[in-house]
Each structure stands twice: as C-alpha cells, then as structure tokens.
Amino acid sequence: MGHNLKYDYVVLARLGVMPSPLSFDTMLAEWLCDPSSRNLGLKSLAWARLDVEMTTIQELIGSGRNQLSMAEVPIAQVAPYAVADAQICLSLMPILKDELQSKNQLGLFDELEMPLVSVLAQMEIAGVRLDTGFLKELSRELERRLAEIEKEIFKQVGHSFNINSTQQLAAVLFDELGLKPPGGARRTSSGHYSTAADVLEELRELNPVVDRILEQRELAKLKSTYTDALPQQVNPDTQRVHTSYSQTGSVTGRLASSDPNLQNIPIRTDLGRQIRRAFIAAPGHVLLSVDYSQIELRIVAHTANDKAMIQAFKQDQDIHATTAAAVFGVPADVVSPEMRRRAKAVNFGLIYGMSPFGLTRTTDLTLAEAQNFVDAYFERFPGVRNYLEEIRRVAAQQGYVETLLGRRRYFPLLDPGATAVSAVARARAEREAINSPIQGTAADIIKLAMLHLPDELTRSGLAARMLLQVHDELVLECPVKELKPTSALVQRVMRDAFKLKVPLKTDAKSGADWAVMEPVA
DNA sequence: GCCGGTAGCCAC
DNA sequence: AAACGTGGCTACCGGC
C-alpha cells in the first residue's frame, strides 16, 4: 500500500487489517444517531483507569496544517494512545451494540455499514486518474480571462479593489455606484448587504459591471477550487487522486467526500464541465457512469404509496410531464415546456419539504399561483399529501424518522414538550424530517448496490472497479472490451439493489473522460 | 501564522 | 424575517 496515502490507519481498519475495536471506533461512536454523554463519560473513565500518562490524539498529531499522520509520530508516543483507544472501544462495543439491537439497527450496522467499509477503502485506494497537464492549461486560460475581466471591472468602477472581498464589493456596488439592493435591501446574517449571485442577477440591467462580476465569480471559483487545487491532490506514487469517503459525515446516511471532494465536480455550465475532461480512464479503459433516474421521487411514490405516482413510474412515463398534465388537468401530449418546467420545480421542491412561498423563489409563479399549484398537486397525489402529514406527525410524536433500512434521525425540536422553539426553527426541522427519509433511503439503496457490485463483477469475471460515488451515481473504470457486459451488470445490480413498489431505473454512459460521455446500451 | 466565523458557490 | 434538503472548499477577515 502506498505509504503516502492519507489516513493509512483508517484504510487499514477498513480493510480489516487492524483489530476490530479500532474500526469500530472510527465509525460506531459517531454513527449512532444520538451520541450520548455516557459515551464520552465512559471514555474519560476508561482513560483515567489506565496507568499511563495519557495524551489526547490532538496533542500527539497536532491540528490544522501542522497535523501529522499517525505514522509520523514515534511508536513510543503513539502506543499508550493506541492501547487506550483499543481498550476503550472494546469496552464500549457491547454497550453500543446493545443500543443498536434495541433500535433494530444491528442489521443495518453489521450487514451494510461495516461491510461497506472495505468497499469504500478499495475505492479510495483505487483513486482516479487526472490529466494535470490539461488542468494546468485550463488554469492558465482562466487566469488570462480573469485578468481581462478584472481590468474591465476596475475601469468601469474607476479604481481597483479586491473583487473577492464581499465587503469591498458591496461598498463599490451599493455606496459608490449607488445601486439599490433589491428585494427590500437583503442583508446577510451579519448585517451586510448581500452580493450573492441571485442578488446580482437582479442588478445586471442597472449597470454593465454586474455581469462582469458574475463572470469573474464563475471563473475564480473554477480556478481556485478545481483547476488549481486538484493537481496538488495527485498522489505521486499512484499518479491518481484518492478521495476520502466519510460514512459518518452526513445526518441522512449519505456519504461525504473530502480531500478532495469529488462529489461536487462541476457539470452545470459548459465551462465548468470542462473540469471533468481532466478525469480520465487508464489506458485501455473507459469511465463508466451509471446513475439512478429519479430515485428520490420513486422513493416518495413507494413510501407514500401514492397510486397515481406509482402508476406513472410503472409505465415509465416522463414524471415531470405527467405531473404537469395532472396538475393542469390537460392530456399529456399538450403539456408545454413551461408547464413541465413548473411541474419539475414542484416535484423537486417536494423532496425538500417546500412551501408555496419556496416555489415562488424557483419559479416565476406568484404566491397565489404557487398556492393553487400546490393545492392542485396534492389533489392529484393525495398519497403524497398524507405522507407529508404523516411524517410531520411521526417526527413529533416518535421523536425521530427512519429510512427504509431503519436509519434514524432525531428531532428533539419537534417534541411537543420542547420549549422556546421559534416557528422558523420548527418549520426548518419539519422540512428536514420530510427530506431525511427520502434522501436517506436513496443512500441506503445505492450503498446496497455498492456492497454487492464487487462480488458480482468478480463472479462474472469482469475487471472493472468502482472509483467514485456521487449520491445517485457510480463511476467505474472498465476495460474497453468489457464495456457492454459491465454496463449491463452494473445496471442490473443497481436496479435490483432493493425492490420497491416502482421499478428502479438507471442510465449508463461511458467515455474516455468524465465530460464526453456517450450513452451505453 | 493559526484559528474560527462568514459569504459564497460547486455538486446531488 | 424567512421562506427548499444534504454536503465540502475557497477567500476574506478579525482576533489572538
């Protein structure tokens, strides 16, 4: 194993090389939805019992940029910590296992999350090949365009300033140029005028400099976050980028990716999408990307048991068009693009616990129109309406909501006995309670697929390996000659990961890089 | 120089 | 006033 790979000890634990208490520690204590104070208390007690001078992990390895890897700390110093850690985790194990048992989560833990640890380790170790030369050239191109844009901005404003400073930018726009902050002077939480993109959008008619600033923002973001940062993350031993996946980093059960985050590589704009050209397959290979189509809405249809929505998915209809037809009360073949766009916004908002007001922010509907729209929506999908009400009730009464596999999220704020809870905080918690089982169930399902996929590939004698997971998408590196059967197998495994009341649908694409992907049968 | 908070923005 | 969920990264900025 490359000794320069990050988090060596975590990777070892994930591969089962390290004793189980440590791998247990890296996950379980954090993973339990309600890490109790008893947990911390037990740990301090156990530490105090040890007849060695203990230090904390932070004292050993430092923090921030000075942080060492465990391998860089002398054995003699690490040993007491390691002993204590193992000892403590060992004694914690039965207690936390009991807790899992009582929550009916032992299966989720033992049969999904723990086995997934080594799957994720394999993906991290595999890494993904990066065309650094291409990124560096793209960076120089962005640099040139940024220099030009900045020159124009300074000329139009009359002096230079730091465009990246929101404070300086606000002073230029709202004080010097006298632009009027729209929407009744929206301010940030600290009381300054906001210069966020949606605010600037409303100002672009008033002064040509605003468009230039939006352009500067886009380019500066791509340069600093992607074209400049990614090449620095290439491992010199493997010549590839090795992300880290966290199984405990989200409240819903999603994975999180960091160092670098490969779950937020641009795709929306043409320029941003160019970044993906740098993610390339090894010689003789292609990248194969398979994603779930509308998995969250399918989960809503299943969980809400909504007849109309289930039927739409069973017939493989265009769900947004079907929704539009239902809400506008017209036949499917006369749905206009505009009607479909609005229906899509509602379907999208549904998963986020949206309100009619929220809808006015993502569409051009007035509040009254949005209210009518939502009413019509629930009229046509009564199962969905009941489901949303049920979720709110359960979250408050039971104190938590659950995913398909029993993953929990607690909502103490919604307890009827909770005191001093603002309406804003309550509404937010309700939206979180609505979204969590949907987003979390999607995470459950793709994790099941990821767990089965390596075995299925082996069984079929296919050499492809999983490299990346992006919430509803798996990216594999696949020998060119095995593309067709691999695509078929991956799609089968993903579709069959869990049987819902509606079919799961997947789309497969492949290409030499992550930008130019052609559909695969 | 380190650290944490803030603003902004990339993805699903 | 805010108003649509989940993350991570970068730059700025003020405090130490």
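Take any residue in the first sequence, note its place counting from 1, add 742, and you have its number in our numbering. Glycine included, every Cβ here is placed at the ideal spot set by N, Cα and C.
- Nearest in C-alpha terms to Leu919, of all of Val1262, Pro950, Asp1255, is Pro950.
- Each residue's CA atom was taken as its position, placing Tyr1129 and Asn1089 some 14 Å apart.
- In this structure, the straight-line span from the alpha carbon of Arg1237 to that of Thr967 is close to 34 Å.
- In the three-state reduction of the DSSP assignment, Ala998 falls in the strand class, which pools E and B.
- Nearest to Val1244 by C-alpha distance, out of Phe916, Gln843, Glu957, Gln1053, is Gln1053.
- Rounded to whole angstroms, the separation of the alpha carbons of Ile1188 and Ile817 is 39 Å.
- A check of alpha carbon separations from Leu1029 across Gly869, Arg1234, Thr980, Val815 identifies Gly869 as the nearest.
- Each of Thr1183, Glu853, Glu1172, Thr1200 was checked against the Cα of Glu1144, and the nearest Cα belongs to Thr1183.
- When the five nearest sequence neighbours on each side are left out, the beta carbons in the same chain lying within less than 6 Å of the beta carbon of Ala998 are those of Ser988, Gly991, Ser992, in order along the chain.
- Between Ile1061 and Leu1092, the C-beta gap is not smaller than 8 Å, which leaves the two residues out of contact.
- DSSP links Pro1098 through a beta bridge to no other residue.
- Rounded to the nearest angstrom, the gap between the Cα atoms of Arg1168 and Arg1135 is 13 Å.
- The beta-bridge partner set that DSSP reports for Lys1247 consists of Ser1035.
- Each residue's CA atom was taken as its position, placing Cys1220 and Leu1107 some 46 Å apart.
- Assigned with DSSP and collapsed to three states, Gly1026 falls in coil, not helix or strand.
- When Tyr1142, Ala1112, Val1235 are compared, the shortest CA-CA separation from Ala1175 is found for Tyr1142.
- DSSP places Asn977 in the strand class (E or B) of the three-state scheme.
- By the Cβ-count criterion, Arg954 is buried, with 16 or more other Cβ atoms from all chains shown falling within 10 Å of its own Cβ.
- Taking C-beta atoms as the reference points, Val1072 and Ala1063 fail to come closer than 8 Å.
- Of all alpha-carbon atoms in Glu866, Lys897, Lys878, the one lying nearest the alpha-carbon of Asp1001 is that of Glu866.
- Of the residues assessed, Ala1263 falls on the exposed side of the cut-off, its CB having fewer than 16 other CB atoms within 10 angstroms.
- For Glu1121, no beta strand (DSSP E) segment is defined; the enclosing uninterrupted segment is the alpha helix (DSSP H) at 1109-1122.
- For Ser986, the enclosing beta strand (DSSP E) stretches over residues 986-988.
- For Glu814, no alpha helix (DSSP H) run applies, since DSSP gives it neither H nor E.
- Comparing alpha carbon positions, the residue from Thr1248, Pro973, Met1192, Ser1229 closest to Ala863 is Met1192.
- With contacts defined as CB atoms closer than 8 Å, Asp1048 and Asp1214 fail to qualify as a contacting pair.
- Residue range 1165-1201 is occupied by the alpha helix (DSSP H) that includes Leu1199.
- Here Arg1151 really is in contact with Thr994; their C-beta atoms are around 7 Å apart, less than 8 Å.
- Excluding its 5 nearest sequence neighbours in each direction, Arg1173 has C-beta neighbours in its own chain below 6 Å: Gly1095, listed in chain order.
- DSSP places Pro1221 in no alpha helix (DSSP H) but in the uninterrupted beta strand (DSSP E) bounded by 1215-1221.
- A Cβ-Cβ distance of about 4 Å is found for the pair Arg1018 and Ala1257, placing them in contact under the 8 Å criterion.
- Judged by their CB atoms, Leu1155 and Ala1165 are not nearer to each other than the 8 Å cut-off.
- Setting aside the 5 residues that flank it on each side, Lys878 is surrounded in the same chain by Thr969, Pro973, each with a C-beta closer than 8 Å to its C-beta; the list follows chain order.
- Separation of the CB atoms of Ala1254 and Ile1022 is rounded to 6 Å, and the pair is thereby assigned contact status at 8 Å.
- Scanning Ala962, Ala912, Asn904 for the CA closest to the CA of Thr930 turns up Ala912.
- Distances from the alpha-carbon of Leu1146 to those of Pro836, Ala821, Leu850 put Leu850 closest.
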